[in-house]
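Asks:
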Amino acid sequence: MIGQTKNPEDGQAGSDLAGWLTEDGHRLDLRVYFEDTDFSGVVYHARYLNFLERGRSDLLRLKGIGHRELMSGAFGTPMAFAVRRMELDFLRPARIDDVLTVTTKTRQLGGARILLDQTIARDGELLLEANVKVAVISPEGKPMRMPARVLEVLAAPAPA
């Protein structure tokens, strides 16, 4: 895989572009660029949503689940994930050039929804906490049960 590296903390294989699967979820490191900030050099609040989305998407990617494959029915029935609810607690600001770590952990995996805990930190200092409820929907946008194969892949622990 292009960009394949080892996580410096645990030596586990991953992609420097997609982060790493961890024992309890996923970790993604990213840098804050000028485009992410407001006029004062502080990360604009809405950009944190993008950072969190990258964490969720790359968790799926490293587990072998692509959004296109989900919609095409490659895992059984065509489906998608949609954020249903998100609660954010902004604790401290991130600034231009900071390197942030986005972590994603599954709190509850159900038939029609997933509850996730996400954080954003800088050098171990917690900047943001998020609780996310993700719904499973059909291509028409209607709630549905998650195909068994998707549930199985998401429930599997990270490879050692």
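Note that the numbering used here has the sequence shown beginning at 245, numbered continuously upward. Ideal Cβ positions, reconstructed from N, Cα and C, are used throughout, including at glycine.
(1) The alpha helix (DSSP H) with residue 262 in it runs from where to where?
(2) Below 8 Å on the Cβ atoms is my contact criterion, and I expect residue 360 with residue 395 to pass it. Report the Cβ-Cβ distance as a whole number of Å.
(3) Less than 8 Å between the CB atoms is what I'm expecting for residue 328 and residue 378, so what's the real figure, rounded?
(4) Just the C-alpha distance for residue 298 and residue 367, rounded to the nearest angstrom, thanks.
(5) Judging by CA-CA distance, which residue of 390, 402 and 342 is the nearest neighbour of residue 278?
(6) Taking the straight line between their C-alpha atoms, what separation do you get for residue 289 and residue 349?
(7) Mark residue 302 as exposed unless 16 or more other C-beta atoms lie within 10 angstroms of its C-beta, in which case mark it buried.
(8) With distances taken from CA atoms, which of 369, 333 and 304 is nearest residue 400?
(9) Let me know the secondary structure DSSP gives residue 302 once reduced to three states.
Replies: Straight from the coordinates:
(1) Counting along the chain, residue 262 falls outside any alpha helix (DSSP H), and DSSP gives it neither H nor E.
(2) About 15 Å separates the two Cβ atoms, so there is no contact after all.
(3) 6 Å
(4) Rounded to the nearest angstrom, the two C-alpha atoms are 19 Å apart.
(5) Among 390, 402 and 342, the Cα nearest to that of residue 278 belongs to 342.
(6) Spanning the two alpha carbons is a distance of roughly 22 Å.
(7) buried
(8) 304
(9) helix
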